DNA sequence: CATGAATGAGCCTTCATTCAT
DNA sequence: AATGAATGAAGGCTCATTCAT
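Residue numbers (the numbering used here), protein chains in the order written: chain A, 1 to 182; chain B, 1001 to 1182; chain C, 2001 to 2182; chain D, 3001 to 3182.
See below:
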């Protein structure tokens, strides 16, 4: 019971942090703003997170599409089903302005935090290659480049969602272009 | 004469600003840092630019690939030559860490400055559509999505350059996939 | 039984406080530091001592050489034996860096706490005079000044122990100079 | 002219710092208090001194009796005249509560700043020995101990000035005891 | 053109203290 | 008897900006 109260407060702070960070960026946003948004005192934020940086790192982790990869890879899919899963999960995760903004802020600030830098590297290299292999049953450079095109278009979509194209249409087209079943 | 001195100092400030902003991000970087890098006083920066925001906007403009579009469109190219021109100019512009960093910081902060927000919108919609039309001789949604894939992959390349693939190979592969001449 | 547990915890806090206060000074040291050193929670310190000031006062009392005076005076000594007792007890009490540091911090902060201020006054005037009378069988100004020289040299010794002189040599010399038996 | 304005402001800050530090101690006193006392903004204090520590060190240097030693040694005095000079200069320097308080605070905090720690060491060892040699024409341990008694009594006098004894009487008595002309 | 001096606002962080449990 | 959670106040420091010179 008391433990859940604990978690509720912490989660409230995290939610508020996402809101504020996504609106103002990590360094323009201040702990004061987050505390006000969360309805707690500044000092309490330092009780749960030892420093602003620690809080930033926590939010960065949630902002990156690591879970998207994990979810789809754990389903043991392959070929276009894996692509489709990734696209759907990805666009789902970033289907609101909040997550879209926090993603780009995270990409911008990521390299300043070794922990986040590593996760980004892993995402862009190791995981991308793994997915490429699962999807195209090949680890040729072409497969790898195709995966980059795939996530490049999804990123584009997250940064500036196209207004006159539906999500499904977008996904279908991309997959059609990149994955023509033999 | 004095006018050219003017320009030299102003350009030095801009160069220093790019260096500092790209390293620390727009809001972590301070005018003091830029002044030190440029070897001038803080106050002088305010003489050339009325505020930090004005300086930021100046840098943002230089950070976006607007010139890339302009250069290639002005050459009246079409089809794969236009794609190739865009890819080369783009990867050329962002072939150093300085420009790569400043680009991502600009994307992150862009929406806070109406002027930059508009440029970004224009890039991602109007210009993209124009290019799509020139390249594919069509303004179908598919052409538009292809262009997004094209720039998505280039952006990916700017954010995290792949280590084991040459620029030429990358460009050729993308163009081959997106543009199979009938 | 529980009462002795009481005392053990309280004493542990006091020991930790001496350690921390002597290292950082009364106001640079925080309750958190003391709690960590003692292995208890901050709140518990406030259960035993109602405020930081109360704890400081407790430590101040232990830091001053009041017990030195009391011990030697209670022995009903006089003349040089009393001087010798005082010197030995004094140098004994402050023969480690911990006590030396806490003494000087106490002298510095003493005047801020009326209780400590009074003790200091009493030490420097009433007790000094009493001792002067016992030692020199006289309450002339000269006796009083001699006592100040006596404690002045001991204080000097506590603040900056001389490296190449043994404690005994130091004490003997001082006593010889101040107390030439007729 | 402008230069003197500069110096005036800096000196005003230093004076205010002495006032505030002597009243509250180095770490209880805040930059805000000093700024208010000096009638300037907090930020201006950081313009003249890069940090609170830098300001503290500046004040510490002024608080120690280094100048007392220098003044008297430069006069090429010896024997009791040198003692008398030192005593007078010393008691002169610390003849007001401000300087008395700042001295004890400096002794307490000195060891935290290497620069001050070294000065204190130098005062208590090198300079004391030099003076001992000049005064007693000998560098025996006894001369050294006598000098410690001398400064010990002066320090005592600075910490708790005796109320019913005049400065002259005090000085004369000390010198008579320590220095009996052959 | 250029700068040093000045400031108000704000930032991150820590502190002493309290209170429910 | 003991603690984790909570807070208001304050601390040192930096920042963008201004202005007299």
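In this text, a Cβ means the ideal position worked out from N, Cα and C, and glycines have one as well.
Keep in mind it's a predicted model, so treat the numbers as computed, not measured.
* Expected contact under 8 angstroms - CB spacing of residue 1052/B and residue 1031/B to nearest Å -> Their Cβ separation, rounded to whole angstroms, is 6 angstroms, which keeps residue 1052/B and residue 1031/B in contact under 8 angstroms.
* Could you pull out every residue in the same chain whose Cβ sits closer than 8 angstroms to the Cβ of residue 1/A, ignoring the five residues on either side in sequence? => At residue 1/A, the pLDDT of 44 sits below 50, so the modelled position is not reliable; the number obtained from the coordinates is stated separately. If we look at residue 1/A and ignore the five residues flanking it on each side, it has no Cβ neighbours.
* To do: Rounded to whole angstroms, what's the CA-CA distance from residue 2163/C to residue 3171/D? Just pull it up for me.
  => Each residue's alpha carbon lies about 28 angstroms from the other.
* Report the residues of the stretch 2133-2152 of chain C with a CB closer than 9 angstroms to any CB of chain D, ordered along the chain. => Correct list: 2141, 2142, 2144, 2145, 2146, 2148, 2149, 2150, 2151 and 2152.
* **Closest by C-alpha distance to residue 154/A, when choosing among 90/A, 143/A, 25/A and 129/A** => If you compare the alpha carbons of 90/A, 143/A, 25/A and 129/A with that of residue 154/A, the shortest gap goes to 90/A.
* What's the gap between the Cα of residue 148/A and the Cα of residue 156/A? -> Between residue 148/A and residue 156/A, the C-alpha separation is close to 12 angstroms.
* To do: Output the distance between the C-alpha atoms of residue 1038/B and residue 15/A, rounded to the nearest integer angstrom.
  => One alpha carbon belongs to residue 1038/B, the other to residue 15/A, and they sit about 40 angstroms apart.
* Residue interval of the alpha helix (DSSP H) (run including residue 1097/B) -> Here the alpha helix (DSSP H) through residue 1097/B covers 1097-1109.
* **Separation of residue 43/A from residue 2145/C, as counted between CA atoms** => The alpha-carbon atoms of residue 2145/C and residue 43/A are separated by roughly 54 angstroms.
* For the alpha helix (DSSP H) that contains residue 2049/C, what are its first and last residues? -> Segment: none, residue 2049/C is in no alpha helix (DSSP H) and carries neither H nor E.
* Please go through the same chain and pick out, in chain order, the residues whose beta-carbon is closer than 7 angstroms to the beta-carbon of residue 2017/C, but skip the five residues on each side of it. => Counting only Cβ-Cβ distances below 7 angstroms, and skipping sequence neighbours, we find 2034, 2055 and 2059.
* By Cβ distance below 7 angstroms, which residues in the same chain neighbour residue 3026/D in space, the five residues on each side in sequence not counted? -> The answer, listed in chain order, is 3056, 3105 and 3109.
* Taking only the alpha-carbon atoms, compute the straight-line gap between residue 1173/B and residue 1161/B and give it to the nearest angstrom. => Roughly 15 angstroms separates the two Cα atoms.
* Cβ neighbours of residue 29/A in the same chain (closer than 6 angstroms, five flanking residues each side left out) -> Excluding sequence neighbours, residue 29/A sits near 20 and 21.
* To do: For residue 1083/B, count neighbouring C-beta atoms within 10 Å of its own C-beta (all shown protein chains included) and say buried if the count is 16 or more, exposed if not.
  => Residue 1083/B is buried by the Cβ-count criterion.
* Asked: residue 1088/B to residue 1121/B, Cα distance in whole Å?
  -> Those two C-alpha atoms are separated by around 23 angstroms.
* Give the residues of chain D in contact with residue 2027/C, contact being defined as C-beta atoms less than 8 angstroms apart. => Chain D residues near residue 2027/C: 3025, 3027 and 3028.
* **Proximal residues to residue 2068/C (C-beta, below 8 angstroms), its chain only, five neighbours per side dropped** => Cβ neighbours of residue 2068/C beyond the five flanking positions: 2086, 2089, 2090 and 2093.
* **C-beta neighbour in chain A for residue 1114/B, strict 8 angstroms** => Judged by the 8 angstroms Cβ criterion, residue 1114/B is not in contact with chain A.
* **Identity of the residue in 3078/D, 3141/D, 3036/D and 3143/D nearest residue 3134/D by Cα** => Scanning 3078/D, 3141/D, 3036/D and 3143/D for the CA closest to the CA of residue 3134/D turns up 3078/D.
* **Delimiting residues of the alpha helix (DSSP H) encompassing residue 2149/C** => For residue 2149/C, the enclosing alpha helix (DSSP H) starts and ends at 2141-2159.
* To do: With a cut-off of 8 angstroms on the beta carbons, I'd call residue 64/A and residue 10/A a contact; round off their distance for me.
  => Cβ-Cβ separation between residue 64/A and residue 10/A: approximately 20 angstroms, too far for a contact (criterion under 8 angstroms).
* **Integer-rounded CB distance, given that residue 3143/D should sit under 8 angstroms from residue 3136/D** => Indeed, because the Cβ distance is near 4 angstroms, the residues count as touching under 8 angstroms.
* Asked: For residue 2005/C, does the count of other Cβ atoms within 10 angstroms reach 16, so buried, or fall short, so exposed?
  -> Residue environment: residue 2005/C is assigned as exposed (fewer than 16 neighbouring CB atoms within 10 Å of its CB, all protein chains considered).
* To do: Identify which residue in 2041/C, 2008/C, 2159/C and 2040/C has its Cα closest to the Cα of residue 2103/C.
  => Across the set 2041/C, 2008/C, 2159/C and 2040/C, the C-alpha of 2159/C shows the shortest separation from the C-alpha of residue 2103/C.
* To do: Between the Cα of residue 98/A and those of 1095/B, 1045/B and 1111/B, spot the shortest distance and give me the residue it belongs to.
  => Nearest of 1095/B, 1045/B and 1111/B to residue 98/A, Cα basis: 1111/B.
* Asked: Does the distance from the CB of residue 1165/B to the CB of residue 141/A come in under 8 angstroms?
  -> Yes, the pair counts as a contact, with Cβ atoms nearer than the cut-off.
* Measure the C-alpha to C-alpha separation of residue 96/A and residue 167/A and round it to an integer number of angstroms. => Their Cα atoms are separated by approximately 13 angstroms.
* Asked: Do you know how far the Cα of residue 1101/B is from the Cα of residue 1080/B?
  -> CA-CA distance, residue 1080/B to residue 1101/B, rounds to 29 angstroms.
* Asked: So which of 178/A, 61/A, 179/A and 12/A has the shortest CA-CA distance to residue 115/A?
  -> The option with the nearest alpha carbon to residue 115/A is 61/A.
* residue 175/A, buried or exposed, once every other Cβ within 10 Å from all chains shown has been counted against 16 -> With 16 or more other Cβ atoms within 10 Å, it is buried.
* From 2138/C, 2131/C, 2012/C and 2048/C, residue whose alpha carbon lies closest to that of residue 2076/C -> Among 2138/C, 2131/C, 2012/C and 2048/C, the Cα nearest to that of residue 2076/C belongs to 2131/C.
* To do: Taking only beta-carbon positions, decide if residue 3165/D is within less than 8 angstroms of chain C.
  => Judged by the 8 angstroms Cβ criterion, residue 3165/D is in contact with chain C.
* By Cβ distance, which residues of its chain are closer than 8 angstroms to residue 178/A, with the 5 residues on each side in sequence left out? -> Its chain contains 83, 146, 149 and 150 as the residues whose beta carbon lies nearer than 8 angstroms to that of residue 178/A, once the 5 sequence neighbours on both sides are disregarded; these appear in chain order.
* Pair within 8 angstroms by beta-carbon distance, residue 3040/D and residue 3008/D -> Not in contact: residue 3040/D and residue 3008/D (Cβ atoms no closer than 8 angstroms).
* Asked: Would you say residue 65/A faces chain B, with C-beta separation under 8 angstroms as the test?
  -> The beta carbon of residue 65/A sits no closer than 8 angstroms to any beta carbon of chain B.
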